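Numbering (our numbering), first residue to last: 931 to 1545.
This is the structure we're talking about:
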């Protein structure tokens, strides 16, 4: 990976060789390019450079020298006439041309930095939604494919589609990374410019319009941040100021074996105060300039450890995360801080963690080919193992539905590769999602899951929005599950709590039942019964313990014909629990989940278009 970047301007280079360097330091605060009335301040960290300058459209690419600060680590100058929208680069030692590591905007991943004024955007009456943790339901999306047009789609393309997410009842969208990455299509987990917003998505103002539009719809916006590695391609941070040791990346990176990651030898040097500040400032940029509502940190494992082969703790990474999370909790307490993994190792201050073990525990009982393979004890364990809002529960997420990851695909295609629209595929995929929405914690789905999407996720394949017409009943089922999870109909308050008791595990018949509660007691308790077998229990001969005697009303039936004409519609609208302990006989359709409470159901009439129904 070369670190010397030559700008193709012989005249500019010649100027740099002979120009005197005598600019005064700027007294204005900040790093990067900071516009002021009449000009722009430029400040950059380049401790091993012998000289530093800035060249751009404002000076015909004839560089203005930067002055070294007293400590020798940063260089700065005020440049009158430099204004937002103009391109620029830093030049070190007269010949090393680099983009600004803190540029909010770039022309592209191998182009120039662009002066940007973060304060110029008109937020109007923007107000972030106040979403309590018990009401958080997450929809994960990829900006480049979500809109349904040929990728890369933009933030502006995605905005109208937020109406669908809102109509389903979700309260938050989680964006896969939106930092600048090489090329126009990517998952985003290969950041070239961590502070810049992806050009092909529309850049910084487009992200702000997206956040504002989401907030107008009552949706929180979480962003995925990637600091376990950078690049490895189009990475101007590499050898940034000309310094490099042992063939590694210089000032922003470890320069020994600690640099190695599965994605290249580009692990940031968390031991350098300036690098820790760089990471911290990027996170706070999203919080303060883009008004996001939370974060998901990618692969925390590779921040707090070095590799699967060398899992020894990295105290520098651990300390950095502690400091950032502590500061966020103090200054922006409403923001949600999610880790992909290892959230609660080393007391790092995260709010929640993706529960990857949960995913596998629920995935296999719905995806395995034969009933005898289904381990419902794993499902029971997943339901009760982590009864708190500290876990994110899911069956599909980007890593687990991507063809490039070990050939993984969506659950319907896993169940029936030849016919993912089959009854078996639809029912089992819906069963897995149903378990997610009744699990203690925060439920999350991945884009298209609610439409029975069966294609593997690829960054060059747009979402097929025609599936909403092909599977309207499945869309409605998700909307109903979200409503019940959020207790929008005031019939299932227990699903908003963390209380859970698994009172029934039947390994032979593949049935699991549990009670969920918030405060507990009449009107609060919810009973969930899930049938993971290919058999219908339709003779009213399956007994389940309930927490109290009396009438229990069915609030959801995953076998309902509301969701598909070929579903069996097995199950009674109500059951009677009696005896000691209170016991009721239930009927269950194959591969389906039912939700009961003691509150009479209050479902609205089915809408003409399920995505337009939003109580």
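Glycine included, every Cβ here is placed at the ideal spot set by N, Cα and C. Just so you know, these numbers come straight off a predicted model, no measurement behind them.
Contacts around residue i, its chain only, beta-carbon distance under 8 Å, and the 5 residues preceding and following it disregarded
i: residue 1528; result: 1452, 1453, 1455, 1478, 1480, 1481, 1482, 1483
i: residue 1265; result: 1217, 1222, 1223, 1224, 1225, 1258
i: residue 1532; result: 1419, 1420, 1421
i: residue 1316; result: 1285, 1288, 1370, 1371
Nonlocal neighbours in the same chain, by C-beta distance under 7 Å from residue i, ignoring five residues either side
i: residue 972; result: 963, 984, 996, 1006, 1007, 1009
i: residue 1235; result: 1241, 1242, 1243, 1244
i: residue 1056; result: 1142, 1145, 1221
i: residue 1182; result: 1167, 1170, 1198, 1199, 1205
i: residue 1116; result: 1389
i: residue 1425; result: 1368, 1414, 1415, 1417, 1446, 1456
i: residue 1376; result: 1070, 1326, 1327, 1328, 1331
i: residue 1395; result: 1078
Residue i versus residue j: straight-line alpha-carbon distance, rounded
i: residue 1401; j: residue 1381; result: 6 Å
i: residue 1246; j: residue 1192; result: 19 Å
i: residue 975; j: residue 1186; result: 21 Å
i: residue 1144; j: residue 1097; result: 12 Å
i: residue 1239; j: residue 1233; result: 14 Å
i: residue 978; j: residue 1333; result: 43 Å
i: residue 1105; j: residue 953; result: 42 Å
i: residue 1213; j: residue 1319; result: 23 Å
i: residue 1084; j: residue 1489; result: 38 Å
i: residue 1064; j: residue 1148; result: 15 Å
i: residue 1466; j: residue 1501; result: 10 Å
i: residue 955; j: residue 1180; result: 25 Å
i: residue 1545; j: residue 1058; result: Residue confidence is low: residue 1545 scores 35 on pLDDT, short of 50, so the model does not pin down where it sits. No coordinate-derived value is stated.
i: residue 1491; j: residue 1497; result: 5 Å
i: residue 1297; j: residue 1309; result: 13 Å
i: residue 1312; j: residue 960; result: 47 Å
Where residue i sits in the DSSP three-state scheme
i: residue 1071; result: strand
i: residue 1003; result: coil
i: residue 1481; result: strand
i: residue 1198; result: strand
i: residue 1506; result: strand
i: residue 1095; result: helix
i: residue 1142; result: helix
i: residue 1085; result: helix
i: residue 1129; result: helix
i: residue 1464; result: coil
i: residue 1183; result: strand
i: residue 972; result: strand
i: residue 1056; result: coil
i: residue 1486; result: strand
i: residue 1292; result: helix
i: residue 910; result: Residue 910 is absent from the structure shown; the chain starts at 931 and stops at 1545.
i: residue 1367; result: helix
i: residue 1063; result: helix
i: residue 1010; result: strand
Residue j beta carbon less than 9 Å from that of residue i
i: residue 1108; j: residue 1127; result: yes
i: residue 1523; j: residue 1331; result: no
i: residue 1241; j: residue 1194; result: no
i: residue 1253; j: residue 1003; result: no
i: residue 1154; j: residue 1031; result: no
i: residue 1385; j: residue 1327; result: no
i: residue 1270; j: residue 1283; result: yes
i: residue 1525; j: residue 1414; result: yes
i: residue 982; j: residue 958; result: no
i: residue 994; j: residue 1016; result: no
i: residue 968; j: residue 1011; result: yes
i: residue 1139; j: residue 1211; result: no
i: residue 1134; j: residue 1034; result: yes
i: residue 1411; j: residue 1363; result: yes
i: residue 1066; j: residue 1101; result: yes
i: residue 1516; j: residue 1458; result: no
i: residue 1069; j: residue 1374; result: yes
i: residue 1468; j: residue 1519; result: yes
i: residue 1495; j: residue 1403; result: yes
Beta-carbon proximity list for residue i, same chain, < 6 Å, skipping 5 on both sides
i: residue 1427; result: 1447, 1448
i: residue 1355; result: 1342, 1345, 1346
i: residue 1460; result: 1442, 1523
i: residue 1130; result: 1082, 1114
Beta strand (DSSP E) runs contained entirely in the segment 1369-1454, provided each spans 3 or more residues | The qualifying runs are 1372-1376, 1429-1436, 1441-1447.
Contiguous beta strand (DSSP E) assignments of at least 3 residues, all confined to the segment 1202-1288 = Within the segment 1202-1288, complete beta strand (DSSP E) segments of at least 3 residues are found at 1224-1227, 1266-1269, 1282-1284, given in chain order.
Kindly provide the ranges of any alpha helix (DSSP H) runs that are 4 or more residues long and lie completely inside the segment 1298-1362, ordered along the chain.
-> Whole alpha helix (DSSP H) segments, 4+ residues: 1306-1315, 1341-1345.
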